[in-house]
Amino acid sequence: MENTKKFRREPLTDTQLLMTITIGIFFAMYLIAMAVLKGGFLRPQQIFDMLNDNAPLIITSCGLTIVMIAGGIDISVGAVTSLVVMSCVLYLNRGGNIFVSVLLALGIGLAFGLVQGYLISYLEIQPFIVTLAGMFFARGLTTILSVNPQKAEHEGFAKLRDVKIEISWLGYVAKNGNRIPARIELGVVIALACVLIIFLLLKFHKLGRGFYAIGGNQQSALMLGINVKRTRFITYIISGLLSGIAGYVFMMHTGAGNATNAAGMEMNAIASSIIGGTLLTGGVGNVVGTLFGTLTLTTINKIVVSSGLKDPWWQKITTGGMLCFFILLQSIVLSRRSKKKQS
Amino acid sequence: MEHELLEMRNISKIFPGVKALSNVDFTLRKGEIHALMGENGAGKSTLIKVLTGVYQMDGGEISVDGDKISIRSPQDAQNNGISTVYQEITLCPNLTVAENMYIGRENGVLVNHKSREKSADKILQELGIPARSTQQLGSCSLAVQQMVAIARAVDMKCKVLILDEPTSSLDDKEVNMLFKLMRDLKAQGVGIIFVTHFLEQVYEVCDRITVLRNGELVGEYLIEDLPQVELVAKMIGKDLDELSSLSEGEEKNYDNAEVFYEATNLSSSDALSFDFKIHKGEVNGFTGLLGSGRSESVRAIFGADKVTGGTVKIKGEDVKVTKPLDAMKHGIGYLAEDRKRDGIIADLSVRENIILALQVMKGFFKPISRSEAEAFADEYIKVLNIKTASRETPIGSLSGGNQQKVILARWLLTHPDYLILDEPTRGIDVGTKLEIQKLVLKLAEEGVSVTFISSEVEEMLRTCSRLIVMRDRHIVGELKGKDLNQAQVMKTIAGGES
Numbered sequence: 001m002e003n004t005k006k007f008r009r010e011p012l013t014d015t016q017l018l019m020t021i022t023i024g025i026f027f028a029m030y031l032i033a034m035a036v037l038k039g040g041f042l043r044p045q046q047i048f049d050m051l052n053d054n055a056p057l058i059i060t061s062c063g064l065t066i067v068m069i070a071g072g073i074d075i076s077v078g079a080v081t082s083l084v085v086m087s088c089v090l091y092l093n094r095g096g097n098i099f100v101s102v103l104l105a106l107g108i109g110l111a112f113g114l115v116q117g118y119l120i121s122y123l124e125i126q127p128f129i130v131t132l133a134g135m136f137f138a139r140g141l142t143t144i145l146s147v148n149p150q151k152a153e154h155e156g157f158a159k160l161r162d163v164k165i166e167i168s169w170l171g172y173v174a175k176n177g178n179r180i181p182a183r184i185e186l187g188v189v190i191a192l193a194c195v196l197i198i199f200l201l202l203k204f205h206k207l208g209r210g211f212y213a214i215g216g217n218q219q220s221a222l223m224l225g226i227n228v229k230r231t232r233f234i235t236y237i238i239s240g241l242l243s244g245i246a247g248y249v250f251m252m253h254t255g256a257g258n259a260t261n262a263a264g265m266e267m268n269a270i271a272s273s274i275i276g277g278t279l280l281t282g283g284v285g286n287v288v289g290t291l292f293g294t295l296t297l298t299t300i301n302k303i304v305v306s307s308g309l310k311d312p313w314w315q316k317i318t319t320g321g322m323l324c325f326f327i328l329l330q331s332i333v334l335s336r337r338s339k340k341k342q343s
Numbered sequence: 344m345e346h347e348l349l350e351m352r353n354i355s356k357i358f359p360g361v362k363a364l365s366n367v368d369f370t371l372r373k374g375e376i377h378a379l380m381g382e383n384g385a386g387k388s389t390l391i392k393v394l395t396g397v398y399q400m401d402g403g404e405i406s407v408d409g410d411k412i413s414i415r416s417p418q419d420a421q422n423n424g425i426s427t428v429y430q431e432i433t434l435c436p437n438l439t440v441a442e443n444m445y446i447g448r449e450n451g452v453l454v455n456h457k458s459r460e461k462s463a464d465k466i467l468q469e470l471g472i473p474a475r476s477t478q479q480l481g482s483c484s485l486a487v488q489q490m491v492a493i494a495r496a497v498d499m500k501c502k503v504l505i506l507d508e509p510t511s512s513l514d515d516k517e518v519n520m521l522f523k524l525m526r527d528l529k530a531q532g533v534g535i536i537f538v539t540h541f542l543e544q545v546y547e548v549c550d551r552i553t554v555l556r557n558g559e560l561v562g563e564y565l566i567e568d569l570p571q572v573e574l575v576a577k578m579i580g581k582d583l584d585e586l587s588s589l590s591e592g593e594e595k596n597y598d599n600a601e602v603f604y605e606a607t608n609l610s611s612s613d614a615l616s617f618d619f620k621i622h623k624g625e626v627n628g629f630t631g632l633l634g635s636g637r638s639e640s641v642r643a644i645f646g647a648d649k650v651t652g653g654t655v656k657i658k659g660e661d662v663k664v665t666k667p668l669d670a671m672k673h674g675i676g677y678l679a680e681d682r683k684r685d686g687i688i689a690d691l692s693v694r695e696n697i698i699l700a701l702q703v704m705k706g707f708f709k710p711i712s713r714s715e716a717e718a719f720a721d722e723y724i725k726v727l728n729i730k731t732a733s734r735e736t737p738i739g740s741l742s743g744g745n746q747q748k749v750i751l752a753r754w755l756l757t758h759p760d761y762l763i764l765d766e767p768t769r770g771i772d773v774g775t776k777l778e779i780q781k782l783v784l785k786l787a788e789e790g791v792s793v794t795f796i797s798s799e800v801e802e803m804l805r806t807c808s809r810l811i812v813m814r815d816r817h818i819v820g821e822l823k824g825k826d827l828n829q830a831q832v833m834k835t836i837a838g839g840e841s
């Protein structure tokens, strides 16, 4: 008895199962792209480009994943990111200090997290409505700050922006014979750090397990002695803070503020989380899955572009299709599972 | 002076307009299993909720081991060694067993999964609970989930364990597992408060009984001093003659009556193929153990599950019943087993809940006028003796028995020819049970066919003139006339041979 117990592998939890599926699909897709489309897909730089371009999305998706695990939703993340970019650019262009600009970014994110989280957790207003309002508010503020695009012209910032990690051996040789090293932006490091920290938080911190508990069954969580309101409050604070960070990373990537920055990013973040195995109903999800969800989404879009469908709507259509496919897959997998349990 | 484990003195609780508890005393001793009994509305739930900190009491005092305590929240109760396991599992299905046992009460901010799992396994093993600590809770059976909840309570060094209707969704084997666990805990000195509707279970496992009625204490009795009949009498507070007057179901033969409904080889996604017919004005029943397929069969008749085969005749004509609306159009009504999930819409008023089925049948483009709806509601509130503040009260605030009556009213309003009642008397008080049984017989006299399902065989014997016995999803017998007695039913359920 004792022996069999030791060697028996526990079946995957729902969270692990969905994450495994996503990672599997990502690699399968990427391998197919390498075999069929070749070109850029054979270079490691392709992956780094995907990360460079999508670091802000990865960061906001992490925040959204937390909110969704706890059974909520936050659609303000894209607008807050945009507001952060615009505010920081304007501040830096008036001769601001780099350090203070970082604080400004975090402060804006935190403020949105605090207010939205308070309204949702303590006043029990629907999260969709609250964050919808937050989204309009942030977009409006961004436009008030500046209708015209603003380029960041701050020396210190320019230096920070141009910090790139170069890995020579992962590079490739260009047509003219020069060896071009693989380039990774600072934002990617920040994004991966966020993923790691949140992964650990979700797995080993009391708070993280609380997110799963309230998403799994709010009433039960209350009975089990979890402070449901405070826990939910914290999910929105984290999401807000991450939007602030994402905004700063976004600015480091583009170097400019624009009222339409990060437009629709909230929807891509939701899509990434769902593709990464987070259930909209809460209680199931993981940021590693989300990271791969983001990558899957980007890979699909790259594949579409590489196949010659360059019009932007093709990307939207494939994103929609992917989302449908994953939701369908998830519900089939989970319902088969619950059926198996019954019999 | 020796103190009792838990003493509740002069507990009072007032809700707007109702005195839910008035000066109730309750005493729990170390190492005893104490049944708390009463009809719905007697105040059991209120007393439990006062004790667990869900409600604040308006008067009285509670002491544990002689120390007066005040309980303001479920946390306070837990800190004082009072733990509750509710009927609905209050754990998180998406977490592992170990996490469910420890979450919300850890010291420090980091979680050590390994050490948790180790200590969880130890407790599970000690208590003989068939679960692994690393398993996702949702993959365990309901009974095991309940036991995990108990294990959590035990590990929290609870002195008082409250089990609120723990057995209502368990089958016999699981109930026995639970009872064994309860006896083990009792031997360890834990005081257990056991709330249930199953009288037999009280006599099987309890030492003492406290009976409440209408928010007042009737008395506390040792189990051997209070025969079952007297317990029922104390609970409902009326003469038992009424019970016995119903006890002998008349032997009726419907073989020559018109057949209202006939199904051949009917099967659904959840029910194996079966034949079934019911005559006009007949009351029949499906019986069998939980999981024998009795509910699945009637759901197939109503089209509530996906029908996969078979032919159906109603009044001799071939018809198709593949969804509930078809069934309703042919005059079939179905009162679902799970009242909370399939029956009531808690936030709507009594009136709206009553009107629902009729409205669906008429179609939403022919609304029932407000005055008409009010008249219907008033009529049925009166006929069925529904206890509600007004017809506009949200149904969720009514007691279980009264909710059931409202749903019954909903179907009666559609004037069905055939009414299927799946466990209409579960979880409701004895008085209302009787009323519902009487109502069924009255309906049958008026020519309505009724299929009645109940976990309590006696109840079925009182009301039904024909019993279909199911075992392992097959019909294994049909009893009527002189075969219709408890011994024969048990024999058929168990396996037939001599």
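Top to bottom, those sequences are chains A and B.
Everything in the first sequence is counted per the numbering used here, starting at 1 for the first residue and increasing by one.
Everything in the second sequence is counted per the numbering used here, starting at 344 for the first residue and increasing by one.
Where is the CB? At the ideal position from N, CA and C, for every residue including glycine.
If you're wondering where the values come from, they're calculated on a predicted model, not measured in any experiment.
Next on the checklist: By the three-class DSSP mapping on this structure, what secondary structure does Arg-94/A have?
Outcome noted: coil
Checklist entry - What does a CB cutoff of less than 8 Å around Asp-582/B pick up in its chain, not counting 5 residues either side in sequence? => result Note that Asp-582/B has pLDDT 48, beneath the 50 cutoff, so the model's placement of it is unreliable and no number is given.
Checklist entry - Helix, strand or coil for Thr-15/A per DSSP? => result helix
Checklist entry - CB-CB under 7 Å to Ser-272/A, same chain, minus the five flanking residues each way: which ones, in chain order? => result Leu-57, Ser-61, Thr-290, Gly-293, Thr-294 and Leu-297
Item to check | Proximal chain B residues relative to Val-284/A, where beta-carbon distance stays under 7 Å | outcome: Chain B residues near Val-284/A: Asn-437.
Checklist entry - Skipping 5 residues on each side, what residues in its chain have a beta carbon closer than 8 Å to that of Val-452/B? => result So the list is empty, once near-sequence residues are dropped.
Next on the checklist: Extract the residue ranges of the alpha helix (DSSP H) inside the segment 45-133 of chain A, only unbroken runs of 4 or more that lie entirely within it.
Outcome noted: 77-93 and 98-121
Checklist entry - Name the chain A residues whose beta carbon is nearer than 7 Å to that of Gly-447/B? => result Neighbours of Gly-447/B on chain A, chain order: Leu-224, Gly-225 and Ile-226.
Checklist entry - Using a Cβ-Cβ distance under 8 Å, would Gln-421/B count as near chain A? => result yes
Next on the checklist: Please classify Thr-389/B as buried or exposed, where buried requires at least 16 other C-beta atoms within 10 Å of its C-beta.
Outcome noted: buried
Item to check | Reference Thr-235/A, options Ile-190/A, Leu-202/A and Met-86/A, closest by Cα | outcome: Comparing Cα-Cα distances from Thr-235/A to each of Ile-190/A, Leu-202/A and Met-86/A, the minimum goes to Leu-202/A.
Checklist entry - Identify the residues that DSSP records as bridge partners of Gly-534/B: which are they? => result Val-503/B
Checklist entry - Rounded to the nearest angstrom, how far is the Cβ of Ser-386/B from that of Gly-534/B, given a contact under 8 Å? => result Note on identity: in this sequence residue 386/B is Gly, with Ser being the wrong assignment. About 20 Å; that fails the 8 Å criterion.
Checklist entry - Just the Cα atoms here: how many angstroms apart are Ala-105/A and Ala-111/A? => result 10 Å
Checklist entry - List, in order along the chain, the chain C residues whose C-beta lies closer than 7 Å to that of Phe-204/A? => result Of the chains in the structure shown, none is chain C; the protein chains are A and B.
Checklist entry - If we call anything under 8 Å between Cβ atoms a contact, is Gly-71/A one with Ile-120/A? => result no
Next on the checklist: Helix, strand or coil for Ala-182/A? Go by DSSP, reduced to three states.
Outcome noted: strand
Item to check | Helix, strand or coil at Asn-422/B [DSSP, three-state] | outcome: Helix at Asn-422/B.
Checklist entry - Could one say the Cβ of Ala-269/A lies closer than 8 Å to chain B's Cβ atoms, at least one of them? => result Chain B, which has no Cβ nearer than 8 Å to the Cβ of Ala-269/A, makes this no.
Item to check | Helix, strand or coil at Met-444/B according to DSSP, with G and I counted as helix | outcome: helix
Checklist entry - Exposed or buried, which one is Val-84/A when buried takes at least 16 other CB atoms within 10 Å? => result buried
Next on the checklist: Let's test the definition: count the other Cβ atoms within 10 Å of the Cβ of Gly-409/B and tell me whether it reaches 16, buried, or not, exposed.
Outcome noted: exposed
Next on the checklist: Tell me which residue opens and which closes the alpha helix (DSSP H) that Val-228/A is part of.
Outcome noted: 228-254
Next on the checklist: So, for Asp-613/B: in the same chain, excluding its five sequence neighbours on each side, which residues have a beta-carbon less than 6 Å away from its beta-carbon?
Outcome noted: Glu-639 and Asp-648
Checklist entry - Taking all protein chains shown into account, do 16 or more other C-beta atoms lie within 10 angstroms of the C-beta of Ser-611/B, making it buried, or fewer, making it exposed? => result buried
Checklist entry - Hey, would you say Val-548/B sits closer than 8 Å to Asp-507/B, going by beta carbons? => result no
Checklist entry - What number of angstroms, rounded off, separates the C-alpha of Ala-262/A from the C-alpha of Leu-438/B? => result 35 Å
Next on the checklist: Would Glu-10/A pass as an interface residue toward chain B - the criterion being a Cβ-Cβ separation below 8 Å?
Outcome noted: yes
Checklist entry - To the nearest whole angstrom, what separates the beta carbons of Ile-69/A and Phe-211/A, a pair I think is in contact under 8 Å? => result 5 Å
Checklist entry - Does any C-beta atom of chain A lie closer than 8 Å to the C-beta of Arg-475/B? => result yes
Item to check | Nearest to Gly-257/A (by Cα), restricted to the options Ala-35/A, Lys-151/A and Gln-16/A | outcome: Lys-151/A
Checklist entry - Name the residues in the segment 204-221 of chain A whose C-beta lies less than 9 Å from a C-beta of chain B; which are they? => result Of all residues in the segment 204-221 of chain A, the ones placed with a Cβ closer than 9 Å to any Cβ belonging to chain B are Phe-204, His-205, Lys-206, Leu-207, Gly-208, Arg-209, Gly-210, Tyr-212, Ala-213, Ile-214, Gly-215, Gly-216, Asn-217, Gln-219, Ser-220 and Ala-221, in chain order.
Checklist entry - Would you say Ala-441/B and Glu-460/B are within 8 Å of each other, going by their C-beta atoms? => result yes
Next on the checklist: For a quick check, are the C-beta atoms of Leu-480/B and Asn-443/B less than 8 Å apart?
Outcome noted: yes
Item to check | Beta carbon of Ala-486/B nearer than 8 Å to that of Ser-476/B | outcome: Cβ distance not < 8 Å, so Ala-486/B and Ser-476/B don't count as in contact.
Checklist entry - So is Thr-651/B in contact with chain A if we call contact Cβ pairs under 8 Å? => result no
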